[in-house]
Amino acid sequence: MKTQGCHGPAFFDMLLKNHSLYFSFPNFKWYCMDEQSGLPWPLNRNPDLINLIASISGEPTRIVTEKLLQEEQCLGWNVRTELHARKLTPHTWSEDLAQFYATTNAFLYETSVWNRRPLKQEIRSWICDYLTISFPQPLKILAFGDGLGFDSLQWSRTKHEVTYFEVSTDCIAFAQQVFRNNAAEINMIQSVAELEPDSFDVIICLDVLEHVPEPSSLLTDFTNWLKTDGLLITHSPFFLVHSNYSTHLKSNQKYSGCTKLYTSLGLQPVRSRLFWDPIVLKNTRDPSLRSKIPWSTRVGGALLAQGRGINGKIHAFFAQLKSQGAAHWVDDLKQLLEQEEAGSFDLPPT
């Protein structure tokens, strides 16, 4: 069941029948929460999310609310705006862009919104189901570039031993609060130097490779950290070079739908969703091995390959449609701003 937003007293009778509602005083503003949505704290409640971002970024809650609203209406708005403010060239790697990743708070907004988009939840659920069916025993998992930590949280809830790594200091601070408030035991490392060879059964790397200047170099590291026959699960929309995704590198678009990027390093595709969101690869450590690639993965690769170059605009259009969010989050944020302007609403403490 999807989370629903309830706006105004007209819904009073319905709310009385819903045990997942809560109140925000002093004006008795109603919010309706559906616990079956699967969204963890603080994604499940705008005031908590606003307060957490404000405490990390140092920005006033009103500014945070406005930025969240902009992000809900246009995914990628905050990163694009700040990239422009710093006069960095979109879709182009530089040392300044590397510094941007480490220091900006814009990804707090983008990844918060992305993590409660239905598509992101579908990807996470698919991975959970795949691991549960394929491996009934707990696994050692590295969540590489996990941002706000919601993937790590999910894997830990399914009883796996999870290690979290991220480069953004603000995202790390956010993830620490996510793990603490959701009572999750997750190993957080500060440097890849702490990772040892042959350490992990599974590495999960979602929405990262399209950002790095040399994906093959990072993939080589993954093959070293993985055990032999361990799995890499990745989602990398290389084709998505669009103004709303201004840190996706143009130089990587050629890898869209490219199995050779992986097989040349001994990573053999064994399973995927149609559009490789995600794709599962086995660490054979034998680049000469040519095992049979599932037909659905081949078809998806052929379709993704059409997203290279100018055709990427068509793919980006459909990707944006597929990535749309629920309207009630926008409605809630607008009402919070209206109430704050009227002086009738104060965000409760987290």
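Just so you know, the sequence shown maps onto residues 1372 to 1721 in my numbering.
The C-beta atom is built at its ideal place from N, Cα and C for all residues, glycine as well.
* Bridge partners of A1643, per DSSP? -> At residue 1643 the sequence reads Ser, which differs from the Ala that was named. Answer is I1650.
* In whole angstroms, what separates the C-alpha of T1503 from that of L1510? -> Distance between the alpha carbons of T1503 and L1510 is about 10 Å.
* **For L1459 and E1466, the rounded distance between their alpha carbons** => Taking the straight line joining both Cα atoms gives about 10 Å.
* To do: Assess, as a yes-or-no matter, whether the stretch 1517 to 1534 is touched by the stretch 1589 to 1596 under the definition of 3 or more beta carbon pairs within less than 8 Å.
  => Result no; under three Cβ-Cβ pairs closer than 8 Å.
* To do: Whole angstroms is fine: what's the gap from A1555's alpha carbon to S1527's?
  => Cα to Cα, the separation comes out at about 7 Å.
* Leaving out five residues on either side along the sequence, give the residues of the same chain with a beta carbon under 7 Å from the beta carbon of T1599. => Around T1599, the same chain offers N1654 and R1656 as residues with beta carbons nearer than 7 Å, after the five sequence neighbours per side are excluded.
* Asked: Within 7 Å: the Cβ of T1474 and any heavy atom of the ligand NAP?
  -> Ligands are entirely absent from the displayed structure, and the ligand NAP is therefore not among its contents.
* To do: Would you kindly work out how many angstroms separate the C-alpha atoms of S1659 and T1630, rounded to a whole number?
  => Those two C-alpha atoms are separated by around 14 Å.
* Assigned secondary structure, A1713 (DSSP; H/G/I helix, E/B strand, else coil) -> When DSSP states are grouped into helix, strand and coil, A1713 belongs to the coil group.
* **CA-to-CA distance, E1537 to Y1480, given in whole angstroms** => Each residue's alpha carbon lies about 16 Å from the other.
* Asked: Using 8 Å as the threshold, is the stretch 1670 to 1682 in touch with the stretch 1413 to 1424, meaning 3 or more CB pairs across them?
  -> Between the stretch 1670 to 1682 and the stretch 1413 to 1424 there are fewer than three inter-stretch CB-CB distances shorter than 8 Å, so the stretches are not counted as touching.
* So what does A1514 bridge to, in DSSP terms? -> The partner list for A1514 (beta bridge, DSSP) reads Y1535 and I1575.
* Asked: Name the DSSP beta bridge partners of N1558, please?
  -> Note: N1558 sits in a beta bridge opposite T1534.
* Determine the burial state of G1680: buried for a count of at least 16 other Cβ atoms within 10 Å of its Cβ, exposed for fewer. => Exposed, since its Cβ has fewer than 16 Cβ neighbours within 10 Å.
* Cβ pair count under 8 Å reaching 3, the stretch 1635 to 1644 against the stretch 1702 to 1717 -> Counting C-beta pairs closer than 8 Å gives fewer than three between the stretch 1635 to 1644 and the stretch 1702 to 1717, which falls short of the contact rule.
* Straight-line Cα distance separating Q1624 from R1575 -> In the sequence as presented, Arg is not what sits at residue 1575; that position holds Ile. About 21 Å.
* **Local Cβ density within 10 Å of V1573, reported as buried at 16 or more and exposed below that** => Per the 10 Å Cβ criterion, buried.
* Beta-carbon contacts of I1498 that lie in its chain and below 7 Å, excluding the five residues immediately before and after -> Hits under 7 Å: I1575, I1604 and P1649.
* Quickly, what does DSSP pair I1604 with across the bridge? List them, please. => As DSSP reads the structure, I1604 sits in a beta bridge with I1575 and V1651.
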